[in-house]
Amino acid sequence: MVLVEDGRITDIDFTGALPPEGVTLTDLGDATLMPGLVDAHTHLVFDPNGNTEYQMCHDDDATVMTRMREHAAQALRVGITTLRDLGDRGYLSLRLRDEYAAGGLGPQIVASGPPITSSRGHCWYLGGAADGEDEVVAAVTSRAGRGADLIKIMATGGMSTTGSNPGGSQYGLAELKAVTRTAHRLGLPVTAHAHAASGIADAVAAGVDGIEHSTFMTPSGVRLDPRTVDAMVAAGVFVGCTVVKPREGMPPEVLETIEPYWKNHAYMQRHGVRIVCCTDAGINPHKPHDVLPSDLVYFAEQVATNVEALASVTSVAADSCGLGDHKGRIAPGYDADLLAVDGNPVHHIDAVRRVRAVYREGRLMVRDSETSGSDRR
Numbered sequence: 010m011v012l013v014e015d016g017r018i019t020d021i022d023f024t025g026a027l028p029p030e031g032v033t034l035t036d037l038g039d040a041t042l043m044p045g046l047v048d049a050h051t052h053l054v055f056d057p058n059g060n061t062e063y064q065m066c067h068d069d070d071a072t073v074m075t076r077m078r079e080h081a082a083q084a085l086r087v088g089i090t091t092l093r094d095l096g097d098r099g100y101l102s103l104r105l106r107d108e109y110a111a112g113g114l115g116p117q118i119v120a121s122g123p124p125i126t127s128s129r130g131h132c133w134y135l136g137g138a139a140d141g142e143d144e145v146v147a148a149v150t151s152r153a154g155r156g157a158d159l160i161k162i163m164a165t166g167g168m169s170t171t172g173s174n175p176g177g178s179q180y181g182l183a184e185l186k187a188v189t190r191t192a193h194r195l196g197l198p199v200t201a202h203a204h205a206a207s208g209i210a211d212a213v214a215a216g217v218d219g220i221e222h223s224t225f226m227t228p229s230g231v232r233l234d235p236r237t238v239d240a241m242v243a244a245g246v247f248v249g250c251t252v253v254k255p256r257e258g259m260p261p262e263v264l265e266t267i268e269p270y271w272k273n274h275a276y277m278q279r280h281g282v283r284i285v286c287c288t289d290a291g292i293n294p295h296k297p298h299d300v301l302p303s304d305l306v307y308f309a310e311q312v313a314t315n316v317e318a319l320a321s322v323t324s325v326a327a328d329s330c331g332l333g334d335h336k337g338r339i340a341p342g343y344d345a346d347l348l349a350v351d352g353n354p355v356h357h358i359d360a361v362r363r364v365r366a367v368y369r370e371g372r373l374m375v376r377d378s379e380t381s382g383s384d385r386r
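Number 56 in our numbering belongs to position 47 of the sequence shown; there are no gaps in the numbering.
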């Protein structure tokens, strides 16, 4: 029994005792109760079925905001109660964050605003271009002034921007150090998009708090660098494992990265890197905004035990978002963000896909009409 008051968990009882006098009891029947899921890498502005570059250059803010609300609601329905948005246009994710914080019915949002990127670099169409140390420092300061929760920088190129080279760096060590130094002085963490091994090493050396993707691309293929992994462990860097599954029709150069990608993440997990299973939701039709439970099942098959996988989308993910003191656990003092599922995901991880109920700060957001439980006093 989990007791909730004003959106927070106040107590937990394992004895089977009756609830306090006058407290409403919701009986969810034969279900497993777990913390709400945290997707630590998503893009609410991206329509997975649309042309991202065209939409970001042509759709007005009202259209994009409507789409973002739909995407957030889609995520909430499968138990994602917290989202970290790592790249928007025009700080729209901050607007939606504040809308939900003021009482709107949606997940909690942690938002970076537009990612910092080089001119015509990866995701240039989001409007975050900055070149050289002075410009990247100004970009960090601007985001802090707008109320961003963290800084996202594109340390290397990416796979979803026309003409971008994921195996090449977009910033040197001096620029990355300028970003982390400025952000940390302003109280903001930094996470770096990085596919290239050189870019990953530079970002870790510069003192980033997180690496997104961490593919370890080199001119001779995907090659993990154990020294960089050791540095990640020593510094406590989080790695966002944006789940990618092989599928028919993938470009050969992408398919060639997938098998070593998973081997490298399993190696990092075994050696103590704090791996977070996340989605990069919105980037293509295979990444709808409710894909995290499905991605988690695949992640558990490739990288971690079921328990480690569940932690990677709850407690560890919450820590990576700077919310670990009140998110990601069922414990007194924590937010009552709860997910009830049919079955035990510790034994069968795919139980996370069978949602019985979702609570956000103690408010019922989703209830399976076939749930056998009942409400009573």
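Even glycine gets a Cβ: it sits at the ideal position worked out from N, Cα and C.
Sub-8 Å separation of residue i and residue j beta-carbons
{"i": "K336", "j": "V47", "result": "yes"}
{"i": "V87", "j": "L301", "result": "yes"}
{"i": "G291", "j": "F55", "result": "yes"}
{"i": "E142", "j": "A183", "result": "yes"}
{"i": "T75", "j": "G45", "result": "no"}
{"i": "V361", "j": "V350", "result": "yes"}
{"i": "H202", "j": "K254", "result": "no"}
{"i": "Y307", "j": "V355", "result": "no"}
{"i": "E370", "j": "A345", "result": "yes"}
{"i": "P341", "j": "I18", "result": "yes"}
{"i": "R338", "j": "G352", "result": "no"}
{"i": "P116", "j": "L135", "result": "no"}
{"i": "V312", "j": "V282", "result": "no"}
{"i": "L227", "j": "A206", "result": "As written in the sequence, residue 227 is Thr, which differs from the Leu given in the question. In contact: T227 and A206 (Cβ atoms closer than 8 Å)."}
{"i": "T150", "j": "T189", "result": "no"}
{"i": "A40", "j": "R365", "result": "yes"}
{"i": "R129", "j": "I118", "result": "no"}
{"i": "L37", "j": "V367", "result": "no"}
{"i": "D218", "j": "T237", "result": "no"}
{"i": "T155", "j": "L114", "result": "According to the sequence displayed, residue 155 carries Arg and not Thr. Taking 8 Å as the Cβ cut-off, R155 and L114 do not qualify as a contacting pair."}
{"i": "T323", "j": "D304", "result": "no"}
{"i": "N58", "j": "P260", "result": "no"}
{"i": "A153", "j": "A139", "result": "no"}
{"i": "Q83", "j": "D299", "result": "yes"}
{"i": "A164", "j": "G208", "result": "yes"}
{"i": "H394", "j": "D22", "result": "The first residue shown for the chain is 10 and the last is 386, placing residue 394 beyond what the model contains."}
One or two residues paired with residue i in a DSSP bridge
{"i": "K186", "result": "Answer is none; K186 lacks a bridge partner."}
{"i": "M394", "result": "This structure cannot speak to residue 394, because the chain is shown only from 10 to 386."}
{"i": "M163", "result": "H202"}
{"i": "D94", "result": "T51 and A120"}
{"i": "I125", "result": "I162"}
{"i": "V11", "result": "I21"}
{"i": "C286", "result": "C250"}
{"i": "H222", "result": "A203"}
{"i": "I89", "result": "L46"}
{"i": "A375", "result": "Residue identity differs from the one stated: residue 375 is Val in this sequence, not Ala. According to DSSP, V375 bridges with V367."}
{"i": "A138", "result": "T126"}
{"i": "S178", "result": "T165"}
Distance cut-off 7 Å: residue i Cβ against heavy atoms of the ligand MN
{"i": "D70", "result": "Questions concerning the ligand MN fall outside what the structure shown contains, since it holds no ligand whatsoever."}
CB-CB length for residue i against residue j, believed under 8 Å
{"i": "H50", "j": "G249", "result": "5 Å"}
{"i": "G112", "j": "T126", "result": "About 34 Å separates the two Cβ atoms, so there is no contact after all."}
{"i": "S321", "j": "I358", "result": "11 Å between Cβ atoms; not a contact."}
{"i": "H131", "j": "G166", "result": "5 Å"}
{"i": "M43", "j": "L319", "result": "7 Å"}
{"i": "T266", "j": "T224", "result": "6 Å"}
{"i": "L159", "j": "S121", "result": "5 Å"}
{"i": "A215", "j": "K186", "result": "5 Å"}
{"i": "S329", "j": "F247", "result": "4 Å"}
CB contact check: residue i to chain C, cutoff 8 Å
{"i": "D97", "result": "Included in the structure is just one protein chain, with no chain C present."}
### Query
Quick one: any contact between the stretch 89 to 101 and the stretch 45 to 65, if contact means 3 or more CB pairs under 8 Å?
yes
### Message
Under 8 Å, with one C-beta from each stretch per pair, do the stretch 220 to 239 and the stretch 271 to 279 reach the 3-pair mark?
### Response
yes
### Query
Can you list the beta strand (DSSP E) stretches of 3 or more residues lying completely in the stretch 304 to 372, in chain order?
347 to 350 and 364 to 369
### Query
For the stretch 18 to 81, which segments carrying the alpha helix (DSSP H) assignment without a break, of at least 4 residues, lie completely within its bounds, in sequence order?
61 to 67
### Query
Which runs of the beta strand (DSSP E) spanning at least 3 residues fall entirely within the stretch 227 to 271, listed in chain order?
247 to 251
### Query
Can we say the stretch 168 to 177 touches the stretch 189 to 196, given the rule of at least three CB pairs closer than 8 Å?
no
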